[in-house]
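Some notes on the structure that comes next.
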Amino acid sequence: MSIFKNVMGALLATATLGVAPVMAQEGATIAIIGGRADDAFFAKIGRGIDDATLVVEAHGGTVNYLQLQTYDNIGGDAANLVRTAISQGVDIIAVPNWVPDAQDEAIEAAMAAGIPVMLYNAGGGDKAAELGAINYIGNEEYPAGLAGGKYFAEHGATNVICVNTVPGAGNLEARCDGIRDGMAESGGVSEQLPLPASAFGDPTAVAEAIKATLLGDETIDGIFTISSADADSAYIGMQQAGRVETVALGSFDMNVAGLERIRDGEQLFAIDQQPWLQGFLAVTLADGYVNYGLAMATSPLLTGPGIVDASNIEATLKGGELGYR
């Protein structure tokens, strides 16, 4: 909690310093779009949003979190949530750009209606510039995947499977592309294992698919998952296939179980993109932009990637236990 108090105190001080003569009559109405309620990753983003809401409310504003109900039609549903926010007449929208082909039109419609847009979590700096969004807050997916592929190769992996439980989502496809190219630089290979979107959040389905894949190919020596929950399922699949000792596990994002596996030598690494920061910054920067015309000089505003492995696990585990990592 002390980390949050220090960060929020600094932001409040920055936002109020020297602006008393031009304080807005009413605060900003902010719509922020995000993932499912039962998505462990977006629970951390949600915690950042909740903490940032205290800043917004201190300025007289409100935050409305619009969440996807499923990931079956992630791009189309996210676009519809943007349209919902437009109909509500909000002052600003923060949204991940998961599937540009499906979402760009809605984002452009928001800006045409005079509603500025902040991209966060997915989309990247180039897409933010292309659309005319204020900024992008988050991780650049392909470079993060590339770093993961190189890390696998440096630790002896030669054949890595990238498990994608939301195929078609541009940010996740880019992660797997990066893993493939990072492995290729050292002569290794990586293929994507796309699972139906219905497998997301179904640990049994994910574990069974990974078990079958490992039993069908003894040359696989690495598994990479696009989420911490899928890493939990992957580890079960590895156990069921009898391949824990011969397959290295890596994941995007992390939970306490994954961090404990890294500590115990049962998982090689995780790629951290600091989801709490993504939610917190998306809301507080949106608030500052509407109320005071504040904007970051740096674009994109990157929260990752960072490699978490045995070398830095203890400090990271403490943050995970508190729900911030």
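Under mature numbering (1 follows the signal peptide of the UniProt record, and there is no 0), residues -24 to -1, 1 to 301 are what the sequence shown spells out, in order.
Beta carbons are placed, not taken as given, at the ideal position from N, Cα and C, and that holds for glycine.
Just so you know, these numbers come straight off a predicted model, no measurement behind them.
Leaving out five residues on either side along the sequence, give the residues of the same chain with a beta carbon under 7 angstroms from the beta carbon of Gln43. Gly10, Gly11, Arg12 and Ala13
C-beta contact flag for Leu257 and Ile69 at 7 angstroms: Taking a C-beta distance under 7 angstroms as the contact criterion, Leu257 and Ile69 do not qualify as a contact pair.
Quick check: the Cα distance between Cys152 and Glu2, rounded to an integer number of angstroms? 44 angstroms
Assuming Gly3 is part of the alpha helix (DSSP H), what are its boundary residues? It is not in any alpha helix (DSSP H) - Gly3 carries neither H nor E in the DSSP assignment.
Between which two residues does the beta strand (DSSP E) containing Asn56 stretch? That residue, Asn56, is in no beta strand (DSSP E); its alpha helix (DSSP H) goes Ile50 to Ser63.
Terminal residues of the continuous alpha helix (DSSP H) containing Pro119? Glu117 to Glu130
Apart from the five residues on each side of it in sequence, which residues of its chain come closer than 6 angstroms, Cβ to Cβ, to Leu95? Asn73, Ala104, Ala109 and Tyr112
Would you list the one or two residues that DSSP bridges to Gly264? Looking at the DSSP assignment, Gly264 forms no beta bridge with any residue, so it has no partner.
Specify whether the region 74 to 84 and the region 45 to 52 touch according to this definition: at least 3 beta carbon pairs, one from each stretch, less than 8 angstroms apart. yes
Given a cut-off of 7 angstroms, decide if Asp285 and Phe245 are closer than it, judged by their beta-carbon atoms. yes
If you check the beta carbons only, do Ala4 and Asp248 fall under 7 angstroms apart? no
Apart from the five residues on each side of it in sequence, which residues of its chain come closer than 7 angstroms, Cβ to Cβ, to Asn147? Trp74, Ala98 and Glu117
Could you name the residues that DSSP lists as bridge partners for Glu167? Its beta-bridge partners are Ile137.
Between which two residues does the alpha helix (DSSP H) holding Ser209 run? Ser204 to Gln216
I'd like to check one pair, Gly198 with Ala224: are the Cβ atoms closer than 7 angstroms? In this structure, Ala224 sits near Gly198, with a CB-CB distance shorter than 7 angstroms.
Reference Pro143, options Leu169, Met159 and Ile155, closest by Cα: Leu169
According to DSSP, is Gly295 helix, strand or coil? helix
Residue environment, Pro172, which counts as buried when at least 16 other CB atoms sit within 10 Å: exposed
Roughly how many whole angstroms lie between the Cα atoms of Pro(-4) and Leu253? Reliability fails at Pro(-4), whose pLDDT of 34 lies under 50, so the model's placement of it is uncertain and the value that follows must be treated cautiously. Looking at the two C-alpha atoms, the distance is approximately 30 angstroms.
With 16 other Cβ atoms within 10 Å as the buried cut-off, status of Glu81: Label assigned to Glu81: exposed.
Residues in the same chain with beta-carbon distance under 6 angstroms from Ala181, minus the five sequence neighbours each way, listed in chain order, please. Ala175
Going by alpha carbons, who is nearest to Glu236 out of Arg301, Ile155 and Thr222? Comparing Cα-Cα distances from Glu236 to each of Arg301, Ile155 and Thr222, the minimum goes to Arg301.
Count the C-beta pairs between the region 121 to 141 and the region 189 to 209 that are closer than 8 angstroms, then say yes if the count reaches three, no if not. With the cut-off at 8 angstroms, the region 121 to 141 and the region 189 to 209 touch.
Determine the direct distance from the alpha carbon of His35 to that of Met(-2), and round the result to whole angstroms. The predicted model places Met(-2) with a pLDDT of 43, which falls under 50 and marks its position as unreliable; any figure quoted below should be read in that light. Distance between the alpha carbons of Met(-2) and His35 is about 9 angstroms.
When you compare the CB positions of Ala28 and Thr279, do they come within less than 7 angstroms of one another, or not? no
Inter-residue Cα distance where the pair is Val66 and Gly37: Their backbone Cα atoms lie some 11 angstroms apart in a straight line.
Cβ-Cβ separation, Tyr265 to residue 320 (assumed contact under 8 angstroms), whole Å: Beyond the ends of the chain as shown, which are -24 and 301, falls residue 320; an answer cannot be given.
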